[in-house]
Amino acid sequence: MLGIRKFKSEKGLALLNTLFFVLFLGLMGISITTMVIADVKMQTINMDRPRALYAAQSGIDYSIRGVMEYARTHSSLAGLNFYTETIPAGSGLTAKIKFRTNGSNDLTITSVGKTQNFSQTITKTINYVDVSNYAVYSSGTISKVNVSGATKENATYMPLFDLDELRDIAKPYHYFSGNLNINSPFSFTHSIAFAEGDINFTNWNIANFGTFVAGGNVNLNTSLISMFWGNMYLPNSGSSLNALKKYRIYLLSGGAIVNGNITGVEYKVWFWKFKNLNIIHNRATMNNFLQYSVNGGPLVIKNSHWKLDH
C-alpha cells in the first residue's frame, strides 16, 4: 500500500509540475505577444511621426503658394483671416491649414499634419511687403519725381527674379546683349524687353508699351515727351533710373522697381514748379510682371520663423 501511495504522490507532483510548466509557457507567450504588439505599435508611431511632419510641411508649402496667388488679385491679405482648409497630402495623409493675419504685414500659418495614429503641427509666421502696392519701389533714394501712389525708398528687401527666365521671355527679338538705344516709338509682342547694359530713350521716342529690364541704367533723354505703359525693372545694385533734361515730360503708367536711385529734374515755368518724371501706379500692370518673381507673386518675405508643436 505504501508503494502505491508513493507512486500516486509522485504522479500527482509530476502532473502539477506539468501544469505549472504549461502555465508558465502560456504566460511567456502572452508576454511575448504583448511585447511584439507594443513593438509594432511603437514602430508604427515612429513611422507615423515623420509622415505627419511631412504632411504638415506640405500644408505650409501649399499655403504659401496659395497666398502668393491670392495676393495677385487682392491688395491685402485681410480676407484670409481665420480661413481654414483640409488638403490631402498623399498616401492617406492630410493637412489642416489655418491662416491668421496679424496687422497689415504679418501672417501666421498653422498646419496640422495627420496620419491614422499621429499628428504634427507646424506654425509659420511671416513678415512681408507687397511690392505691387507701390508705384515706386527703390533700394536707394527717390528724388524730384511726381508719384501717384505709394513709394518705398531705401528698401532692404527687393523682389527676386530668375533673370535667365526674363531673358528667355524677351528672346529672340527683344533681348539685347549690350545697350539698347530707342529713338522712336517702341512696342513688342512679348511682355518684356531685356538689355544687359543701359537702356537709353532718346530723340523722338514718344510711346512705349511693355516692361523694360535693364542690367545697367535707364536714361530718359527724349526731345520733348515720352510715355510708357508698363514697368521699369533694374535688378542690379547701384543701378539708376534717370530722367534727364529740363522742360520734358516723362509719364510712366505702371511702376518702377529699381535696385538703386530714381532721379528726375525739377524746373520752373513762371511761378510754377514742375518735375519731368511722373509715375502713376497701376497695380494690375505691376502684378503682370511680378508673377515672374521667384515667389510667383508680389509678396517679398522680409523674415519668417517657424516652430514645431508636438
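Numbers given in the working numbering equal positions in the sequence shown, counted from 1, plus 204.
Positions of the beta carbon are idealized from the N, C-alpha and C atoms, including for glycine.
Query, Result
"Throw me the rounded Cβ distance for the residue 490 and residue 458 pair, which I believe falls under 8 Å.", "6 Å"
"Quick one: Cα of residue 369 to Cα of residue 497, how far?", "10 Å"
"Roughly how many angstroms separate the alpha carbons of residue 419 and residue 449, rounded to a whole number?", "23 Å"
"Tell me the residue span of the alpha helix (DSSP H) that contains residue 367.", "367-374"
"Thinking just about the alpha-carbon of each residue, which of 303, 397 and 401 is nearest to the one in residue 289?", "303"
"Which residue from 292, 349, 358 and 300 puts its Cα closest to that of residue 454?", "349"
"Would you please state the rounded distance, in angstroms, between the beta carbons of residue 312 and residue 259? I believe it to be under 8 Å.", "Their Cβ separation, rounded to whole angstroms, is 19 Å, which puts residue 312 and residue 259 out of contact at 8 Å."
"For residue 188, which residues from the same chain have a beta carbon less than 6 Å from its beta carbon, with the 5 sequence-adjacent residues on both sides left out?", "Only positions 205 to 514 of the chain appear in this structure, which leaves residue 188 out of reach."
"Output needed for residue 364: all residues of its chain with C-beta closer than 7 Å, excluding positions within five of it in sequence on either side, in chain order.", "497 and 498"
"Pick helix, strand or coil for residue 304, following the three-state DSSP scheme.", "strand"
"Going by DSSP, which residues form a beta bridge with residue 402?", "None; residue 402 has no bridge partner."
"Is the CB-CB distance between residue 443 and residue 425 below 8 Å?", "no"
"To the nearest angstrom, report how far apart residue 323 and residue 271 are at their CA atoms.", "24 Å"
"What whole-angstrom Cβ distance do residue 463 and residue 440 have, given they're in contact under 8 Å?", "6 Å"
"Can you tell me whether residue 274 is helix, strand or coil according to DSSP?", "helix"
"Are the segment 503-514 and the segment 376-391 touching by the rule of at least three beta carbon pairs closer than 8 Å?", "no"
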